[in-house]
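Sequences listed follow chains V and G, in order. My numbering numbers the first residue of the first sequence as 1271 and each following residue consecutively. My numbering numbers the first residue of the second sequence as 1271 and each following residue consecutively. Every residue, glycine too, gets a C-beta built ideally from N, C-alpha and C.
Protein chains: 2
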Amino acid sequence: MSTAAKTPQPELTKHQALVLQALAREANPASAYALLDQLRDEGLRAPQQVYRALDKLIEYGLVHRVESLNSFVVCAHTHAEGHDHGLVVFAICDTCGQVDEFLEPAVERRLKTWSKANGFRPSSTHVEMHGICSRCAAAPAA
Amino acid sequence: MSTAAKTPQPELTKHQALVLQALAREANPASAYALLDQLRDEGLRAPQQVYRALDKLIEYGLVHRVESLNSFVVCAHTHAEGHDHGLVVFAICDTCGQVDEFLEPAVERRLKTWSKANGFRPSSTHVEMHGICSRCAAAPAA
DNA sequence: TGTGATATGTTATAACATAACAAATTGAAG
DNA sequence: CTTCAATTTGTTATGTTATAACATATCACA
Chain V
1271 MSTAAKTPQP
1281 ELTKHQALVL
1291 QALAREANPA
1301 SAYALLDQLR
1311 DEGLRAPQQV
1321 YRALDKLIEY
1331 GLVHRVESLN
1341 SFVVCAHTHA
1351 EGHDHGLVVF
1361 AICDTCGQVD
1371 EFLEPAVERR
1381 LKTWSKANGF
1391 RPSSTHVEMH
1401 GICSRCAAAP
1411 AA
Chain G
1271 MSTAAKTPQP
1281 ELTKHQALVL
1291 QALAREANPA
1301 SAYALLDQLR
1311 DEGLRAPQQV
1321 YRALDKLIEY
1331 GLVHRVESLN
1341 SFVVCAHTHA
1351 EGHDHGLVVF
1361 AICDTCGQVD
1371 EFLEPAVERR
1381 LKTWSKANGF
1391 RPSSTHVEMH
1401 GICSRCAAAP
1411 AA
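So this is what it looks like as structure tokens:
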């Protein structure tokens, strides 16, 4: 189990590469429509084009969807082709929007145990914490 | 940390009670608009009325939002006023839509540990597994 | 009883996502 | 090669989820 089962990754299409680059330029998660706006000059015109590219990038494990924000981030764990890392956790700062991505094998094991015991066959798991990051907590009430 | 910090719970307003009842009637998570449709006869007319009621019900810990479905469920852990249960996990069947809700103190502890170590102050955490429930896994490819 | 604060009703619109179909591309069979 | 079915890509249209903004009503209390 991971954030999503991963598919072996062929060459990226032009749109997929553009969307991945655009997402990589963003410090924080971006919505499909924000990406579309970034990429109009590059020839993308419709939401479908972005969503289709994102679907593939997620399938290849290069991008994560942040469910609670309806938006997307590049996977922080750059990986050799075919390398499937484990369950990913997001810590999302509600003040500055920054997202920390980290791995939690212990959490993954625990959820796997429950699944086995209950006959549930998990395909993907999302763990998202909201709160205040250390920088914002320290900030002078700006 | 819990699915959300809980607020002491006053009397429910009429709309809040109606939304809670409607949600309780549903076997599976329901969207705000589905609830609105259920409640037109009861006098609800606009999405805001439903969303406002849901916001309060969530604040009181009576309802959970399922982020990955953009929908809502009544909390399975009926609780005495003010009782805050721990972190909640959802196991969502992508075949039949059924959702299992359970508690995972071990997962909660693990995430708390990370948060402490990283100066993150969590306010709410969502854990959602997608997959196939035991009944659907057993089903004759219906 | 006036008045400020809070809650509710309502309209309008924003933001996110996918259905449906047309056009182009690709690649295997003849 | 060339044809044609399968897949991918482009595009329009529409569906779904969520909130802004403002009007109206209700309530607590001076």
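According to DSSP, residue pairing for V:Phe1342 in a beta bridge involves V:Ala1300 and V:Arg1335. For G:Cys1403, the secondary structure class from DSSP, reduced to helix, strand or coil, is coil. Here the alpha carbons of G:Glu1337 and V:Arg1322 stand approximately 21 Å from one another. Setting aside the 5 residues that flank it on each side, G:Leu1327 is surrounded in the same chain by Gln1286, Val1289, Leu1290 and Val1333, each with a C-beta closer than 7 Å to its C-beta; the list follows chain order.
Closest in C-alpha terms to G:Tyr1330, from the list G:Pro1392, G:Ile1402, G:His1355 and G:Cys1366, comes G:His1355. In terms of CA proximity to G:Cys1366, G:Ala1408 leads the group G:Ala1408, G:Asp1325 and G:Val1397.
Annotated as proximal: V:Ala1294 and V:Val1344, with beta-carbon spacing under 8 Å.
About 5 Å separates the Cβ atoms of G:Glu1398 and G:Phe1360, confirming a contact at the 8 Å cut-off.
The beta carbon of G:Leu1309 is closer than 8 Å to those of Leu1288, Val1289, Ala1292 and Val1320 in its chain, skipping five residues each way along the sequence. Shown here, G:Ala1287 sits in a helix according to DSSP, grouped into three states. Assignment of G:Pro1392 by DSSP, reduced to helix, strand and coil, places it in the strand class. Note on V:Ala1300: 16 or more other CB atoms within 10 angstroms of its CB, so buried under the neighbour-count rule. Listed along the chain, the chain G residues whose CB falls inside 7 Å of the CB of V:Phe1342 amount to none; the nearest CB is some 14 Å away.
The C-beta distance from V:His1400 to V:Asp1370 rounds to 12 Å, too long to fall under 8 Å, and the pair is not in contact.
Pairing G:Leu1306 with G:Ala1316, the inter-Cα distance amounts to about 7 Å. Contact annotation: G:Ser1393 and V:Phe1390 have beta-carbon atoms that are not nearer than 8 Å.
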